[in-house]
Amino acid sequence: MEQTNKQQTKLQEENIRLKTAVEELSILNDIATVITSTQSLEKIIELIVNSCIKHLRVEQGAVMLLEEQDTEKPFQTMIRKQEVSANILPYRFDAQLTGWMLKNKAPLLVNDIKSDDRFRYIDDIEWPFKTLLSVPISLKGKMIGLLTVVNKKSDSGFSKDDQRLLSIIAAQSAHVLENARLLKQEQALLQMEEEIRLAKEIQLNILPKEIPSVEDYDIYAINIPAKEVGGDYFDFIKLPDGKIAFCLGDITGKGLSAAMLMANLQATLRGQAFIQKSISEIVKNSNLLLFNSTDSNRFATLFFGTLDFSKHIVTYCNAGHDSPIHISGENVFTLTAGGTLLGCFESAEYEEAIKGIEPNELIVIYTDGVTEAMNEKNEVFSEEKLLEVINANRKASAKELTDIIINEVKNHSANTPQFDDITLMIIKRVG
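Counting in this note's numbering, the sequence shown runs from -3 upward without gaps.
What follows is the structure, encoded as structure tokens:
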């Protein structure tokens, strides 16, 4: 009789084990079917969390993926899902959990959070979490994230069987999560490359196709874009009264948004210049347009002027731009009159100034991509070095001087990548 009871008990245990195994296989099959039905990283994570909430009978779940480049916050919580509780895992709770998991790289099962020493720093706050189970998501021995569930819907809390099941789910999900993440990164890279292509196309299309030929003057300008297109821009505009308008600007930011803002600024300046408004008024109106049509973190520096080559007079306004250099004999002047950069203050006022230009004098206008070019020692090219190069080659033609400056900048930063556009304009009176 006793032997029969033992056999029955053993049979019942085996049946329970088999039933549990079948249930686990069914759960894993359901999860596998669901997470392989999409390539979206966010959707895959959401489906994993939903399955865990359903099959482990918990109130809330979360997947946190490891962000290797972020040492301050190494985990990025992608999806949190609650079945009944509107509360989410608070940041300090996240910090305790992720810190422990990063250090131990092992499952964490806690059935009384408040009395657990690992979370002692959060006793002073009313927490809606009583129980917790978290397992690492690992791939090829490397931890890539966490799978966490909280508040088991039973008085007994989480069991070792729950831990085993969650670990199996994490292991099965690892490859899918990593593939989806790599796909997302690839898609982001392709999108970035397309934006860079469009930005370069916009920049190329708005730059002037030719440099104006003006009697008694030698004029040249060049733009060398960085790999990630910045917001440098220059232009020449032939005005109805015979003068030549010229400008050089630098838009904050990079990429497509900077290129589009650059195109808007060009259209604004060209439209106003043809109406024959004063220089200061043109700049003031451009500032108002940028202020009203862009985000608060978007602005531009601008040097805008006109050349009256019959009277040899330059009228200009400098809106927060690097001060152009005017070489006059042995004297060096900087063209600073104007006002603040564009797009910062709605009611900003601007002034204009007039400079005469004599034979053999020149004006060099540039962006910070020239003076702030960095070498391996984190030393900038500098305004002093630029002035030194100009003075040593002041007899060169506008193009020759431009080429010399560009070569000096490239030699200075030979072993470092070009992070910013390099833009340069030279106006030299030769007669």
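Beta carbons: idealized from backbone N, C-alpha and C, even for Gly. For clarity, every value in this text was computed on a predicted model and none was experimentally measured.
Exercise. Going by alpha carbons, who is nearest to Ile418 out of Ala369, Glu190 and Val45?
Worked result: Ala369
For this session: Output the distance between the C-alpha atoms of Arg425 and Thr264, rounded to the nearest integer angstrom.
Result: 29 Å
Problem set entry | Identity of the residues DSSP links to Lys234 by a beta bridge | Ile240
Problem set entry | Enclosing beta strand (DSSP E) for His322 [first to last residue] | Ile321 to Ser324
For this session: Taking Ala394 as the reference, give the member of Glu379, Met258, Leu358 and Ser155 with the closest Cα.
Result: Leu358
Problem set entry | Proximity winner among Ile401, Asp113 and Pro413, relative to Leu420 (alpha-carbon distances) | Ile401
Exercise. Which residues in the same chain have their Cβ closer than 8 Å to the Cβ of Lys77, if we skip the five residues on either side of it in sequence?
Worked result: Model confidence at Lys77 stands at a pLDDT of 48, short of 50, so the residue's coordinates are unreliable; what they give is reported in the following sentence. Only Glu42, Val45, Asn46, Ile49, Gln56, Gly57 and Ala58 meet the Cβ criterion.
Problem set entry | Same chain, Cβ closer than 8 Å to Leu194, neighbours up to 5 away in sequence not counted | Leu252 and Ala255
For this session: Confirm, please, whether the CB-CB distance from Phe115 to Asp146 is below 7 Å.
Result: Sequence inspection shows Val at residue 146; the Asp mentioned does not correspond to that position. No.
Exercise. Do Tyr312 and Leu331 have their C-beta atoms closer together than 7 Å?
Worked result: yes
Exercise. Any idea if Asn403 is buried or exposed, counting beta-carbon neighbours within 10 angstroms, 16 or more meaning buried?
Worked result: exposed
Exercise. What did DSSP end up calling Leu331 once you bin it into helix, strand or coil?
Worked result: coil
Exercise. Applying the criterion that 16 or more other CB atoms from any shown protein chain within 10 Å of the CB defines a buried residue, is Gly325 buried or exposed?
Worked result: exposed
Problem set entry | Ile202, DSSP secondary structure in three states | helix
Exercise. Would you call the CB atoms of Ala176 and Ile40 closer than 7 Å?
Worked result: yes
Exercise. Is the distance from the Cβ of Asp231 to the Cβ of Asp246 below 7 Å?
Worked result: no
Problem set entry | Where the alpha helix (DSSP H) containing Ile40 begins and where it ends | Leu37 to Leu52
Exercise. Of all the options Asn411, Ile422, Ser378 and His408, which has the alpha carbon lying nearest to the alpha carbon of Arg390?
Worked result: Ile422
Exercise. Beta strand (DSSP E) containing Arg425: first to last residue?
Worked result: Start and end: Ile418 to Arg425.
Exercise. Can you give the Cα-Cα distance for Leu284 and Ile192, rounded to whole angstroms?
Worked result: 28 Å
Exercise. With a Cβ-Cβ cutoff of 7 Å, do Ile353 and Val310 count as a contact?
Worked result: yes
Problem set entry | Buried versus exposed, by CB contacts within 10 Å (16 or more), Pro221 | Residue environment: Pro221 is assigned as buried (16 or more neighbouring CB atoms within 10 Å of its CB, all protein chains considered).
Exercise. Got a sec, what are the start and stop residues for the beta strand (DSSP E) Phe299 sits in?
Worked result: Ala296 to Asp304
Exercise. Going straight from the alpha carbon of Asn260 to that of Ile386, what length do you get?
Worked result: In this structure, the CA atom of Asn260 is about 33 Å from the CA atom of Ile386.
Exercise. Is the CB-CB distance between Ala315 and Leu303 below 7 Å?
Worked result: no
For this session: Spatial neighbours of Ile207 within its chain, please: CB distance less than 8 Å, with the 5 preceding and 5 following residues excluded, ordered by chain position.
Result: Around Ile207: Ile215, Tyr216, Ala217 and Phe232.
Problem set entry | Classification of Ser276 by the beta-carbon crowding that lies within 10 angstroms, buried from 16 upward | buried
Problem set entry | Start and end residues, alpha helix (DSSP H) containing Thr367 | Bounds of the alpha helix (DSSP H) holding Thr367 are Asp364 to Thr367.
Exercise. Since Ile109 is in the beta strand (DSSP E), which residue starts that stretch and which ends it?
Worked result: Ile109 -> no beta strand (DSSP E), and no H or E assigned at all.
Problem set entry | Rounded C-alpha distance that separates Thr67 from Gln92 | The pLDDT assigned to Thr67 is 47, lower than 50, so where the model puts this residue is not dependable; a value taken from the coordinates is nonetheless given after this. Cα to Cα, Thr67 sits roughly 15 Å from Gln92.
For this session: On the DSSP bridge assignment, give the partners of Leu338 in chain order.
Result: Ala296
Problem set entry | Own chain partners of Gly339 with C-beta closer than 7 Å, once the 5 adjacent residues on each side are dropped | Asn283, Leu286, Phe287, Thr290, Arg294, Phe295 and Ala296
Problem set entry | Pairwise C-alpha distance: Pro132 and Met60 | 10 Å
Problem set entry | Nearest-angstrom Cα separation, counted from Asn371 out to Ala410 | Approximately 7 Å between the Cα atoms of the pair.
Exercise. What residue from Ser343, Lys149 and Leu129 has the CA that sits closest to Ile109's CA?
Worked result: Leu129
Problem set entry | 8 Å contact criterion, which Leu162 and Leu52 should meet: CB distance rounded | Rounded, the Cβ-Cβ distance is 7 Å, consistent with contact.
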